[in-house]
Amino acid sequence: MQNTSFEQTDPFDNPIEQLPNNIGKYQRGLLLGQTYAGFIYSALDTETRHLVSLIHVYRRFSQLHWEDVVDYHKKVNHTNVLTVQDLVRDGDTCILITEYCGFGQISDYIFSSTRFNEETVQIIVIQLLNLIHYLSLNSIVFTHLRVSNIFINTDGKVKCFGIFPEEFAICSGPVFVPPDAFFGNDKKPNDSWDVWALGVVIVEMMNGTAPFAEMADLLKLFTVVNAKIPLPKSASDGLKNLLSLCLKKEAKKRCSISDALQDPWVKDVICESDVLDKTALVDYLESQVPYDNYNVKGEEIKNFIEECPSLKPMNEETYQEISELTNLKTTSALLAKIKTEVQESKDIENEEARTSCLAFIEAMNKRIDQIA
Numbered sequence: 001m002q003n004t005s006f007e008q009t010d011p012f013d014n015p016i017e018q019l020p021n022n023i024g025k026y027q028r029g030l031l032l033g034q035t036y037a038g039f040i041y042s043a044l045d046t047e048t049r050h051l052v053s054l055i056h057v058y059r060r061f062s063q064l065h066w067e068d069v070v071d072y073h074k075k076v077n078h079t080n081v082l083t084v085q086d087l088v089r090d091g092d093t094c095i096l097i098t099e100y101c102g103f104g105q106i107s108d109y110i111f112s113s114t115r116f117n118e119e120t121v122q123i124i125v126i127q128l129l130n131l132i133h134y135l136s137l138n139s140i141v142f143t144h145l146r147v148s149n150i151f152i153n154t155d156g157k158v159k160c161f162g163i164f165p166e167e168f169a170i171c172s173g174p175v176f177v178p179p180d181a182f183f184g185n186d187k188k189p190n191d192s193w194d195v196w197a198l199g200v201v202i203v204e205m206m207n208g209t210a211p212f213a214e215m216a217d218l219l220k221l222f223t224v225v226n227a228k229i230p231l232p233k234s235a236s237d238g239l240k241n242l243l244s245l246c247l248k249k250e251a252k253k254r255c256s257i258s259d260a261l262q263d264p265w266v267k268d269v270i271c272e273s274d275v276l277d278k279t280a281l282v283d284y285l286e287s288q289v290p291y292d293n294y295n296v297k298g299e300e301i302k303n304f305i306e307e308c309p310s311l312k313p314m315n316e317e318t319y320q321e322i323s324e325l326t327n328l329k330t331t332s333a334l335l336a337k338i339k340t341e342v343q344e345s346k347d348i349e350n351e352e353a354r355t356s357c358l359a360f361i362e363a364m365n366k367r368i369d370q371i372a
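Next comes the structure, spelled out in structure tokens:
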């Protein structure tokens with residue numbers, strides 16, 4: 001078994017590496033965000049003309065058997081699993097092709113200071129519970145349920161990334177695994193790990209930070225018998241009760257996935273038809289534009305990519321500078337760089353296309369200014 005422990009160091013410390021404009025049949029678009037596995041870009045499938053996402057796997061992980069992950073994702077047949085469509089390799093470069101999710105990652109909103117209200121949290125949590133319940137029935141433990149792995153498409157449907165075969169085991173960060181993972185007799189991942197992670201995700205969506213983001217807090221939880229777990233102050237009594245059951249320090253006292261599905265706070269919003277109304281979530285996300293490039297109509301991005309296929313990739317120095325900036329500044333810096341290249345490029349012969357590209361960049365900058 002290959003060593004696939006991703007989090008021996010912080011994966012978000014990885015520098016942005018140059019990515020070609022054309023990767024196989026895909027044309028790279030804008031930088032969208034980042035998962036623990038790699039940077040995410042929009043892209044155009046030049047054969048189907050469909051918008052997709054690229055996950056440019058960090059170089060230190062690129063030699064892992066990602067082909068197994070693609071096959072595994074295709075076998076895990078659940079509506080809340082992010083579809084991994086393809087994989088492209090070129091030397092040390094490894095790129096996963098996934099479905100495009102127009103509302104981006106939950107982490108996008110948290111990093112841009114959005115705090116989810118309880119109604120939207122319910123809609124997300126019910127979908128997450130349905131997913132981990134399905135996984136449990138198929139003897140699969142997610143083990144990497146976290147906000148940067150939760151995507152939302154434009155229909156308000158949750159799409160999760162990071163579900164891997166057992167032999168491709170991923171070590172989650174300490175915040176997302178329960179105390180028994182460190183101090184219990186049985187440290188093998190089990191369903192209770194996903195229940196704990198669900199509680200952490202709920203707290204992070206409402207508070208803006210994970211309950212044990214600071215290592216000192218986490219150590220206190222592990223070592224002090226009566227250490228309290230910080231719950232969202234704005235949470236209802238029903239939600240606080242569910243969180244208290246999910247975040248029990250002892251695994252045997254933690255609620256099961258089935259129990260969580262039957263919790264009154266969860267069942268309160270499930271329709272008799274079992275069709276979850278996601279309208280409130282869609283409306284909320286549309287009003288909470290994050291810092292990234294997701295909240296743009298697909299056709300706008302598609303046209304932008306088609307009109308600017310020959311822009312030069314950034315030099316290494318620029319990439320290093322950008323990697324040290326916040327995500328909001330990263331988007332602005334990328335757009336500024338692309339704007340200069342559009343203005344100076346001799347490869348764009350059609351002035352109408354150049355004007356369209358510049359107009360798109362200007363519109364994006366206005367959106368960033370609105371939420372900066």
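Mapping to the UniProt record's numbering: the sequence shown position 49 is 49, numbers consecutive.
We put the CB at the ideal spot given by N, CA and C, even for glycine.
The structure displayed is predicted, hence computed values, not measured ones.
Checking 9 Å against the spacing of the C-beta atoms, do residue i and residue j come in under that value?
i	j	result
Ala43	Leu31	no
Tyr100	Asn153	yes
Val203	Leu231	yes
Val75	Thr46	Note that residue 75 corresponds to Lys in the displayed sequence, not to Val. Result no, Cβ atoms of Lys75 and Thr46 do not sit closer than 9 Å.
Leu54	Thr98	yes
Ile257	Leu129	yes
Pro179	Lys228	no
residue 449	Leu245	Outside the shown range of the chain, which is 1 to 372, sits residue 449, and nothing can be said about it.
Arg115	Asn190	no
Val57	Gly33	no
Leu87	Glu67	yes
Glu118	Leu239	yes
Using the beta-carbon count (16 or more within 10 Å), is residue i buried or exposed?
i	result
Ser148	buried
Arg60	exposed
Ala363	exposed
Lys252	exposed
Lys159	buried
His73	buried
Ile16	buried
Gly91	exposed
residue 374	There is no way to answer for residue 374, as the model of the chain reaches only from 1 to 372.
Leu242	buried
Asn77	exposed
Arg49	exposed
Thr79	exposed
Ser113	exposed
Once DSSP output is grouped into helix, strand and coil, what is the label at residue i?
i	result
Leu87	strand
Asn365	helix
His78	coil
Ala37	coil
Gln262	coil
Arg354	helix
Asn241	helix
Tyr284	helix
Asn22	strand
Tyr72	helix
Ile202	helix
Cys246	helix
Ile229	coil
Ala359	helix
residue 391	The displayed coordinates of the chain run from 1 to 372. Any statement about residue 391 would go beyond what the structure contains.
Glu341	helix
Using DSSP bridges, identify the partner residues of residue i.
i	result
Ile150	Cys160
Ser53	Ser42 and Thr98
Leu31	Tyr41
*In chain order, which continuous runs of the beta strand (DSSP E) of length 3 or greater are located wholly inside the stretch 93-159?*
93-99 and 150-152
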